[in-house]
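Asker: I am attaching a structure below and will ask some questions about it afterwards.
There are 2 protein chains.
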Amino acid sequence: MDEVFKALADASRRSLLDRLHARNGQTLNELCEGLAMTRQAVTKHLAILEEANLVTTIRHGREKLHFLNPVPIHQIGERWIRKFERGKLAALGELKRQLEKRDE
Amino acid sequence: MDEVFKALADASRRSLLDRLHARNGQTLNELCEGLAMTRQAVTKHLAILEEANLVTTIRHGREKLHFLNPVPIHQIGERWIRKFERGKLAALGELKRQLEKRDE
DNA sequence: TTGACATGCAATCATTTGGTTGCCTATTAT
DNA sequence: ATAATAGGCAACCAAATGATTGCATGTCAA
Numbered sequence: 001m002d003e004v005f006k007a008l009a010d011a012s013r014r015s016l017l018d019r020l021h022a023r024n025g026q027t028l029n030e031l032c033e034g035l036a037m038t039r040q041a042v043t044k045h046l047a048i049l050e051e052a053n054l055v056t057t058i059r060h061g062r063e064k065l066h067f068l069n070p071v072p073i074h075q076i077g078e079r080w081i082r083k084f085e086r087g088k089l090a091a092l093g094e095l096k097r098q099l100e101k102r103d104e
Numbered sequence: 001m002d003e004v005f006k007a008l009a010d011a012s013r014r015s016l017l018d019r020l021h022a023r024n025g026q027t028l029n030e031l032c033e034g035l036a037m038t039r040q041a042v043t044k045h046l047a048i049l050e051e052a053n054l055v056t057t058i059r060h061g062r063e064k065l066h067f068l069n070p071v072p073i074h075q076i077g078e079r080w081i082r083k084f085e086r087g088k089l090a091a092l093g094e095l096k097r098q099l100e101k102r103d104e
């Protein structure tokens with residue numbers, strides 16, 4: 001879980017996920033196109049995404065195809081974000097009450 | 001958005017949010033209790049959470065009360081995670097297809 | 001088979017990050 | 001008044017991070 005959060009913390013990596021979401025199964029060079037980064041930098045980002053299981057790859061000859069794995073993202077939503085949504089209204093209510101109390 | 005992702009990337013900060021979720025409106029010292037970190041380290045984490053608008057504070061005499069703001073978390077869920085859930089089945093399907101193609 | 005293409009590996013570098021220590025200020029309680 | 005309490009500020013430090021460059025390897029096509 002921590003690895004996923006860490007992987008998602010970088011805007012370049014989130015944009016790589018966006019690219020794969022737009023078109024899945026791209027090669028490293030395709031993913032590099034138009035980015036203000038060297039290929040090696042992209043390689044490192046992809047390695048981190050792969051480590052976090054957000055991206056799966058398969059070699060196809062001399063090419064490496066990258067596929068988005070949406071499962072960990074879904075899990076963040078289910079296991080983490082949802083927890084905070086339950087207490088959401090209560091939290092805001094309590095905050096509002098305290099803010100008003102400030103003027104007493 | 002980037003600030004929120006960055007703020008959530010650290011396990012200590014997520015655990016501070018957990019603590020506030022368990023009991024909202026805690027002081028700095030309360031949030032420090034039982035943590036293997038100095039008060040100043042916690043202060044810095046809270047500053048980052050506050051900067052990302054995940055935590056709101058109000059001074060109450062010499063105490064500073066910390067409140068969880070669940071809105072940015074909710075936005076991550078709505079604006080970011082949901083996007084990937086829509087393509088979820090398609091993505092997994094395409095991955096499966098490619099994996100099978102590997103053996104050709 | 002040999003040159004071009006796709007990717008991998010390793011060393012290096014600057015910056016950011018997470019943390020510490022030491023001291024200072026403001027507020028409350030005795 | 002003064003001591004204790006709650007928090008703030010600043011300098012400093014080690015380690016992690018994001019990125020680069022240079023070279024190596026593996027694969028395909030002419």
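Note that the protein sequences, when read in sequence, are chains A and B. Letter 42 of the first sequence, counting from 1, is numbered 42 in UniProt numbering, and no numbers are missing. Letter 56 of the second sequence, counting from 1, is numbered 56 in UniProt numbering, and no numbers are missing. A virtual CB, placed ideally from N, CA and C, is assigned to each residue, including glycine.
Scan the stretch 70 to 84 of chain A for residues whose Cβ lies nearer than 9 Å to a Cβ of chain B and list them as they occur along the chain.
Answerer: For the stretch 70 to 84 of chain A, which is checked against every Cβ of chain B, the residues closer than 9 Å are Pro70, Val71, Ile73, His74, Ile76, Gly77, Trp80, Ile81, Arg82, Lys83 and Phe84.
Asker: Secondary structure at threonine 43 of chain B, three-state DSSP: helix, strand or coil?
Answerer: As a first step, residue 43 of chain B is located in the second sequence; it is residue number 43 there, counting from the start. Helix.
Asker: Using a Cβ cut-off of 9 Å, pull out every chain A residue sitting near lysine 44 of chain B, in sequence order please.
Answerer: Stepping through the second sequence from its first residue, residue 44 of chain B is reached at position 44. Here the premise fails: no neighbours, minimum Cβ distance about 17 Å.
Asker: I want to verify the contact list: residues of chain A whose CB lies under 7 Å from the CB of aspartate 47 of chain B, in sequence order.
Answerer: Translated into the one-based positions of the second sequence, residue 47 of chain B becomes position 47. According to the sequence shown, residue 47 of chain B is alanine rather than aspartate. Near alanine 47 of chain B there are no residues of chain A at all, since even the closest Cβ is about 17 Å away, more than 7 Å.
Asker: Go through its chain and collect everything with a Cβ distance to asparagine 53 of chain B's Cβ below 7 Å, but skip five positions before and after it.
Answerer: Here residue 53 of chain B is taken as the residue at index 53 of the second sequence, counted from 1. Taken in chain order, the residues that qualify are Asn69 and Pro72.
Asker: What residues of chain B sit near lysine 6 of chain A, judged by a beta carbon separation below 7 Å?
Answerer: Numbered from its first residue, the first sequence carries residue 6 of chain A at position 6. Neighbours of lysine 6 of chain A on chain B, chain order: Ala9.
Asker: Could you give the distance in angstroms between the alpha-carbon of leucine 6 of chain B and the alpha-carbon of alanine 36 of chain B?
Answerer: For the purposes of this step, residue 6 of chain B is taken as the residue at position 6 of the second sequence. For the purposes of this step, residue 36 of chain B is taken as the residue at position 36 of the second sequence. Per the sequence shown, residue 6 of chain B should be read as lysine rather than leucine. Answer to the nearest angstrom: the Cα atoms are 22 Å apart.
Asker: Does DSSP put leucine 35 of chain B in a helix, a strand or coil?
Answerer: One-based indexing of the second sequence puts residue 35 of chain B at position 35. Leucine 35 of chain B falls in the coil class under three-state DSSP.
Asker: Tell me which residues share the same chain as arginine 14 of chain A and place their Cβ nearer than 8 Å to its Cβ, disregarding the 5 neighbours each side in the sequence.
Answerer: Taking the first residue of the first sequence as 1, we reach residue 14 of chain A at position 14. So the list reads Leu8, once near-sequence residues are dropped.
Asker: Taking buried to mean at least 16 other C-beta atoms within 10 Å of its own C-beta, is asparagine 29 of chain B buried or exposed?
Answerer: The sequence position of residue 29 of chain B within the second sequence is 29, counting from 1. The residue is exposed, with fewer than 16 neighbouring Cβ atoms inside 10 Å.
Asker: When you compare only the Cα positions, how much space is there between arginine 19 of chain A and glutamate 3 of chain B?
Answerer: Here residue 19 of chain A is taken as the residue at index 19 of the first sequence, counted from 1. Here residue 3 of chain B is taken as the residue at index 3 of the second sequence, counted from 1. So the two alpha carbons sit approximately 21 Å from each other.
Asker: Can you grab the Cα-Cα spacing for the pair glycine 34 of chain B / arginine 86 of chain B, in whole Å?
Answerer: For the purposes of this step, residue 34 of chain B is taken as residue 34 along the second sequence, with counting starting at 1. For the purposes of this step, residue 86 of chain B is taken as residue 86 along the second sequence, with counting starting at 1. Cα to Cα, the separation comes out at about 41 Å.
Asker: Using a 10 Å radius around the Cβ and a threshold of 16 neighbouring Cβ atoms, would you call glutamine 40 of chain A buried or exposed?
Answerer: Translated into the one-based positions of the first sequence, residue 40 of chain A becomes position 40. With fewer than 16 Cβ atoms within 10 Å of its Cβ, glutamine 40 of chain A is classed as exposed.
Asker: Which partner residues does isoleucine 58 of chain B have in the DSSP bridge list?
Answerer: Within the second sequence, the letter at position 58 stands for residue 58 of chain B. BP columns for isoleucine 58 of chain B point to B:Leu65.
Asker: Excluding the five sequence neighbours on either side, which residues of its own chain have a C-beta within less than 6 Å of the C-beta of threonine 56 of chain A, listed in chain order?
Answerer: Residue numbering aside, residue 56 of chain A sits at position 56 when the first sequence is read from its first letter. Phe67 and Asn69.
Asker: Comparing C-alpha positions only, which one of A:His74, A:Lys83 and A:Leu31 sits nearest to valine 42 of chain A?
Answerer: Looking up residue 42 of chain A in the first sequence gives position 42. Measuring from the Cα of valine 42 of chain A, the nearest candidate turns out to be A:Leu31.
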